[in-house]
Structures are given as C-alpha cells and as structure tokens.
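Going from the sequence shown to the working numbering is simple: count from 1 and add 47. Everything below concerns the one structure shown next.
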Amino acid sequence: MSHTMTGARTVTPAELKSLREHLGFTGNALGAYLTSPAAGRTVRRWEEGKHPIPEGVADEVRELAKLTDTYVQEAEKSLHAQANPTLTVYRDDAEYHHAHPHMARFPAAWHRAVAVRAARQVEGARIVFPD
48 MSHTMTGART VTPAELKSLR EHLGFTGNAL GAYLTSPAAG RTVRRWEEGK
98 HPIPEGVADE VRELAKLTDT YVQEAEKSLH AQANPTLTVY RDDAEYHHAH
148 PHMARFPAAW HRAVAVRAAR QVEGARIVFP D
C-alpha cells in the first residue's frame, strides 16, 4: 500500500524529496527549518532511504506544505486585487530576509516558488525583482 503526503503517518524518501523541491527548499534549508534542526546531509540520507524519516519530520513537512498553500492563496488574492498584478521576489536569502525579517526560517527560493504558483493563476501577472 502506498502512502501519500496528505493522509499517511509515514512519508517515503521520494515523497520527501519531491515535496521539498516543490516547496523551494534545499536539503540544507529544510534541515534548518525543522524544529529540531538537521544537517543537510541528514536530509539527503532520509531522501536516499539510508535513514528512516522521523515521524515528526514527516508531520512538519506536511504542515509546511499546508502553510505554503495558504501563502499561495494569499498571494493570489493580492494579485487579483491589483490593476497591474505584480509580485516582487528576491534574488537571494539575504535580500529576502532583509525585506521580510519575520520570514527568516524560509529561503528566498520558497518565496519564489509561492510567487510562481500564485502568478500562474492570474492572467497577466508578473514577477519582478525589487529595483
């Protein structure tokens, strides 16, 4: 029986890697995001099936996916409210965290992934870097 990210207690290495990439996290960024930080190599070992993925990690990744979906929905609403729908994204983590210090647990790549998912839902939406 296969397990899915939405309802199962366990997560396969392939699911973890696929979801991590979809969310815009590197292994190092995901490791740092976790409540009990893990080294990037630990995340890689989970994804390679060399170590079992702790249940708590699977739960946190599921929650991260839900939170990300919420951010995508909010970004989409913001775009719909604009005459010229535009989202600003950041070139790197330092630039993103400087602009949004409260988002320090999230990499700029996550923010860009959210932006592109939202922009794809709004005709004519643009994604730009800050001036």
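Just so it is clear, CB atoms sit at the ideal spot from N, CA and C, and this is done for glycine as well.
Using DSSP with H/G/I as helix, E/B as strand and the rest coil, what is residue i?
{"i": "Thr89", "result": "helix"}
{"i": "Ala173", "result": "For the record, residue 173 in the displayed sequence is Arg; it is not Ala. Arg173 falls in the strand class under three-state DSSP."}
{"i": "Asp140", "result": "helix"}
{"i": "Met48", "result": "In this prediction, Met48 has a pLDDT of 33, which is less than 50 and means its spatial position is unreliable; what the coordinates show is noted afterwards. DSSP places Met48 in coil when its eight states are reduced to three."}
{"i": "Leu70", "result": "coil"}
{"i": "Lys64", "result": "helix"}
{"i": "Pro99", "result": "coil"}
{"i": "Ala160", "result": "helix"}
{"i": "His149", "result": "helix"}
{"i": "Ala130", "result": "coil"}
Determine the extent of the beta strand (DSSP E) in which residue i is found, giving its start and end residues.
{"i": "Thr135", "result": "133–135"}
Buried or exposed for residue i, please, with buried defined as at least 16 other CB atoms from any protein chain shown within 10 angstroms of its CB.
{"i": "Ala130", "result": "exposed"}
{"i": "Phe176", "result": "exposed"}
{"i": "Leu66", "result": "buried"}
{"i": "Thr115", "result": "buried"}
{"i": "Ala86", "result": "exposed"}
{"i": "Ala155", "result": "buried"}
{"i": "Gly78", "result": "buried"}
{"i": "Glu110", "result": "exposed"}
Over what stretch of residues does the alpha helix (DSSP H) that includes residue i continue unbroken?
{"i": "Ser83", "result": "Taken as a continuous stretch (DSSP letters only), Ser83 belongs to no alpha helix (DSSP H), as it is neither H nor E."}
{"i": "Thr57", "result": "It is not in any alpha helix (DSSP H) - Thr57 carries neither H nor E in the DSSP assignment."}
{"i": "Thr115", "result": "102–127"}
{"i": "Arg167", "result": "Taken as a continuous stretch (DSSP letters only), Arg167 belongs to no alpha helix (DSSP H), as it is neither H nor E."}
Candidates the options: which alpha carbon is nearest residue i's?
{"i": "Ala61", "options": "Lys97, Asp116, Thr115", "result": "Lys97"}
{"i": "Ile174", "options": "Leu70, Leu134, Val108", "result": "Leu134"}
{"i": "Glu107", "options": "Ala141, Leu70, His147", "result": "Leu70"}
{"i": "Trp157", "options": "Asn75, Thr59, Arg91, Thr57", "result": "Asn75"}
{"i": "Tyr137", "options": "Asp178, Gln120, Thr59", "result": "Asp178"}
{"i": "Arg91", "options": "Tyr80, Thr73, Leu81, Thr82", "result": "Thr73"}
{"i": "Leu63", "options": "Val163, Thr82, Pro101", "result": "Pro101"}
{"i": "Arg159", "options": "Asp139, Ala105, His149", "result": "Asp139"}
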